[in-house]
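Q: Letter by letter, the sequence shown follows residues 3 to 215 of the working numbering. Note that the Cβ used here is the ideal one computed from N, Cα and C, for glycine as well.
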Amino acid sequence: MLIFGLTGSIGMGKTTAANAFRRLGVPVYDSDAMVHRLLGNEGGAVEAVAAAFPGVLRGGAVDRAKLGEFVFGRPDRLLVLEEILHPMVLDQKNKFLAATCRRRVRRVVIDSPLLFETGGNFSCDITITVSAPNFIQTRRVLHRPGMSRERFNKILESQMPDYEKRDLSNFVVLTGLGRIDSLRQIHKILLATSNWQPRKWRPGLDKSKPESP
Numbered sequence: 003m004l005i006f007g008l009t010g011s012i013g014m015g016k017t018t019a020a021n022a023f024r025r026l027g028v029p030v031y032d033s034d035a036m037v038h039r040l041l042g043n044e045g046g047a048v049e050a051v052a053a054a055f056p057g058v059l060r061g062g063a064v065d066r067a068k069l070g071e072f073v074f075g076r077p078d079r080l081l082v083l084e085e086i087l088h089p090m091v092l093d094q095k096n097k098f099l100a101a102t103c104r105r106r107v108r109r110v111v112i113d114s115p116l117l118f119e120t121g122g123n124f125s126c127d128i129t130i131t132v133s134a135p136n137f138i139q140t141r142r143v144l145h146r147p148g149m150s151r152e153r154f155n156k157i158l159e160s161q162m163p164d165y166e167k168r169d170l171s172n173f174v175v176l177t178g179l180g181r182i183d184s185l186r187q188i189h190k191i192l193l194a195t196s197n198w199q200p201r202k203w204r205p206g207l208d209k210s211k212p213e214s215p
């Protein structure tokens, strides 16, 4: 089973690219969606996060806005949160991979905004960065509700620069020309890698976790 790692900085069009993979029949594990689920009502991370950050619990779920006030711009507190969430997200990712492998799926996508920052690229056969010109990225992000330029700049500071992600990737998808063009690029990537052999997750491996790099 060939594992694609899909990443991209904020506002680059990663969600659109992930949906394009789904449209082409490739299952996608969404790391962000899993974090939302873990922090949601009766989610697996609620108890630990509420203990580490008093006051964020609301109605059985973590108030993400309140949590953001605790950790935004505070690397020490963000590290505490990541130490809680990352093992849980990794565990769910491995369960997803094991389930898709049992179904004899040929290709899967791991959608992770911090793929390189967390070392997730080492468990992928192919890495793809979604990118767009700076002015398009800025326009997209600043149109989001509650977003300011200051907040945008702080988010960028916490992420690996776009040019570094592109340099580390096997492929780059440029999203500045619209969704149809992005879909064409992704289709070409699937064609170009159709004969690539999986190295990280093969039949016979321990299905509890991918092969180490």
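#1: Arg201: which of Leu193, Arg109, Phe118 sits nearest, CA to CA?
#2: Using the Cα positions of Met3 and Lys95, report the straight-line distance between them to the nearest angstrom.
#3: Taking the C-alpha atoms as reference points, what is the distance between Phe85 and Val48?
#4: Shortest alpha-carbon distance to Ala54 belongs to which of Asp34, Gly42, Leu80?
#5: Given Pro115, which residues of its chain have a CB within under 8 Å of its CB, disregarding the five upstream and five downstream residues?
#6: Which residue from Ile130, Ala100, His88 puts its Cα closest to that of Arg168?
#7: Which runs of the beta strand (DSSP E) fall wholly inside the stretch 75-124 and span at least 3 residues, in chain order?
#8: My guess is that Phe23 and Ile128 are in contact by the Cβ rule of under 8 Å, so how many angstroms apart are they, rounded?
#9: On a CA-only basis, which of Asp78, Leu170, Leu83 is nearest Gly121? Give me that one, please.
#10: How would you write the range of the beta strand (DSSP E) that Ile5 sits in, first residue to last?
#11: If I follow the unbroken alpha helix (DSSP H) through Ser33, where does it start and stop?
#12: Measuring straight from C-alpha to C-alpha, what distance separates Val64 and Arg141?
#13: If I'm right that Lys156 touches Phe74 with Cβ under 8 Å, what's the distance once you round it to whole angstroms?
#14: Between Ser214 and the rest of its own chain, which residues show a CB-CB distance below 6 Å, the 5 nearest in sequence each way excluded?
A: Here's the rundown:
#1: When each option's Cα is compared against that of Arg201, the closest is Arg109.
#2: Per the coordinates, the alpha-carbon of Met3 lies some 14 Å from the alpha-carbon of Lys95.
#3: Here residue 85 is Glu; the residue named in the question, Phe, does not match the sequence. Whole-angstrom Cα-Cα distance: 14 Å.
#4: Of the candidates Asp34, Gly42, Leu80, the one whose C-alpha sits nearest the C-alpha of Ala54 is Leu80.
#5: Thr9, Gly10, Ser11, Ile12, Lys16, Ser33, Asp34, Gln161.
#6: The residue with the shortest Cα to Cα distance from Arg168 is Ile130.
#7: Taking only runs of at least 3 residues, the beta strand (DSSP E) segments lying wholly in the stretch 75-124 are 109-113.
#8: With 8 Å as the limit, Phe23 and Ile128 do not qualify as a contact, their Cβ atoms being about 12 Å apart.
#9: If we check each option's Cα against that of Gly121, Leu170 comes out closest.
#10: Here the beta strand (DSSP E) through Ile5 covers 4-9.
#11: Taken as a continuous stretch (DSSP letters only), the alpha helix (DSSP H) holding Ser33 covers 33-41.
#12: Cα-Cα distance, rounded: 29 Å.
#13: Taking a contact as a CB-CB distance under 8 Å, the pair Lys156 and Phe74 counts as one, their CB atoms being some 7 Å apart.
#14: Any reading at Ser214 is ruled out, since the residue's pLDDT is 41, under 50, leaving its predicted position unreliable.
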